[in-house]
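J.: Structure incoming, see below.
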Amino acid sequence: MKMIRAFALVAASITLAGAALAAKPEETIRAALESVIPDIKISQIQPSPIKGIYEVMAGTQIMYVTGDGRYFVGERIVDLKTREDLTEPRLAAARKRLIDGVGEDQMIVFGPADAKHTVTVFTDIDCGYCRKLHGQIADYNKEGIRVRYLFFPRAGKDSPAYDEAVSVWCAGDVSAQRTAMTDAKAGKPVEAKTCTNPVDAHMALGAELGLRGTPAILTESGDLIPGYVEPKRLAAQLNSTAKN
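See the structure below:
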């Protein structure tokens, strides 16, 4: 009986080893990461440009892991010969997917629909550079840039900036919202109002994108431009990107 049990244990070990060897790298990597980060939400695992290393996407976060699931390599791959960041296009595509999932009926938009460029700006009403950007909104429009606002009050939900964002959204129709936004950005009082609003959803989206400050400008292709950029320079940047 002891001999039979020994053979059974050996057979089980061989079976388990064979199953481990047969597992696809994607399955091995997923299991390894979930054992370390139980709440990780992996959306995609695929081979990276480097043999034996896989790209793991979780939301808009990217990491690189060896095919055996043992080693975490990093968060960026850069071709040192060409100095090209090979990770950024993948991140841009992920950002674009998230922003494209937000309807313009959930944004406050300044500029014509047929503008040459459209950018999406996460804004905090009390942020100095956000106010500077909005103070030049007519200049952005003249440069062919349409601006779509999402709210990202950095102080959080229990803050005056959050309440102001809700009041701006709840000001009335589209025209009233634009007027309230302009007044709030100029430091003028806006009538306190509440209603069903997308401010929490905007904040959650900003957090998913890993935003750390405002204004945060996202281009149509999903490129992230942190901070204020004056109208002519932003137009030049967008024109150059479109050309390339």
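Residues in the sequence shown are numbered from 466 upward in steps of one, following our numbering. Just so you know, even glycine gets a beta-carbon here, dropped at the ideal spot from N, CA and C. In this text, all values refer to a predicted model and were calculated from it rather than measured experimentally.
When burial is assigned at 16 or more other CB atoms within 10 Å of the CB, is residue 697 buried or exposed?
T.: With fewer than 16 other Cβ atoms within 10 Å, it is exposed.
J.: Under a three-way DSSP split, which group does residue 486 fall into?
T.: Residue placement at residue 486 cannot be trusted, given a pLDDT of 49 that sits under 50; the coordinates are not used to answer.
J.: Hey, would you say residue 682 sits closer than 8 Å to residue 586, going by beta carbons?
T.: In contact: residue 682 and residue 586 (Cβ atoms closer than 8 Å).
J.: By Cβ distance, which residues of its chain are closer than 7 Å to residue 486, with the 5 residues on each side in sequence left out?
T.: Unreliable positioning characterises residue 486 in this predicted model, as indicated by a pLDDT of 49, which lies under 50. A coordinate reading is not provided.
J.: Have a look at residue 538 and residue 665 and give me their C-alpha separation to the nearest angstrom.
T.: Each residue's alpha carbon lies about 34 Å from the other.
J.: Please look up how many angstroms separate the CB atoms of residue 655 and residue 632, rounded, as I've assumed it's under 8 Å.
T.: Yes, they are in contact, since the Cβ atoms of residue 655 and residue 632 sit about 5 Å apart, within 8 Å.
J.: Taking the alpha helix (DSSP H) that residue 699 belongs to, which residues open and close that run?
T.: Start and end: 696 to 708.
J.: Would a C-beta distance cut-off of 8 Å place residue 580 and residue 609 closer than the cut-off?
T.: For residue 580 and residue 609, yes; Cβs fall inside 8 Å.
J.: In this structure, how does DSSP classify residue 651 when only helix, strand and coil are distinguished?
T.: Three-state DSSP puts residue 651 in coil, outside helix and strand.
J.: The beta strand (DSSP E) with residue 529 in it runs from where to where?
T.: Here the beta strand (DSSP E) through residue 529 covers 526 to 531.
J.: Does at least one heavy atom of the ligand MN sit under 7 Å from the Cβ of residue 641?
T.: Questions concerning the ligand MN fall outside what the structure shown contains, since it holds no ligand whatsoever.
J.: Please look up how many angstroms separate the CB atoms of residue 617 and residue 671, rounded, as I've assumed it's under 8 Å.
T.: Rounded, the Cβ-Cβ distance is 4 Å, consistent with contact.
J.: According to DSSP, residue 509 sits in a beta bridge with which residue or residues?
T.: Answer by DSSP bridge pairing, in chain order: 522.
J.: Taking the beta strand (DSSP E) that residue 613 belongs to, which residues open and close that run?
T.: Unbroken beta strand (DSSP E) run through residue 613: 610 to 616.
J.: Beta-carbon separation of residue 498 and residue 521 under 8 Å?
T.: Cβ atoms of residue 498 and residue 521: closer than 8 Å.
J.: Could you pull the start and end residues of the alpha helix (DSSP H) that residue 502 belongs to?
T.: That residue, residue 502, is in no alpha helix (DSSP H); it is neither H nor E in DSSP.
J.: What residue from 546, 663 and 516 has the CA that sits closest to residue 628's CA?
T.: Per the Cα distances, 663.
J.: So, are the CB atoms of residue 523 and residue 542 less than 8 Å apart?
T.: Their beta carbons are not under 8 Å apart, which means residue 523 does not touch residue 542 by this criterion.
J.: Below 6 Å CB to CB, which residues in the same chain sit around residue 491 once its five sequence neighbours on both sides are set aside?
T.: These residues qualify, in order along the chain: 510.
J.: Could you tell me if residue 535 is buried or exposed, where buried requires 16 or more neighbouring beta carbons within 10 angstroms of its beta carbon?
T.: With fewer than 16 other Cβ atoms within 10 Å, it is exposed.
J.: Which value, in whole angstroms, describes the spacing of the CA atoms of residue 675 and residue 525?
T.: Cα to Cα, residue 675 sits roughly 8 Å from residue 525.
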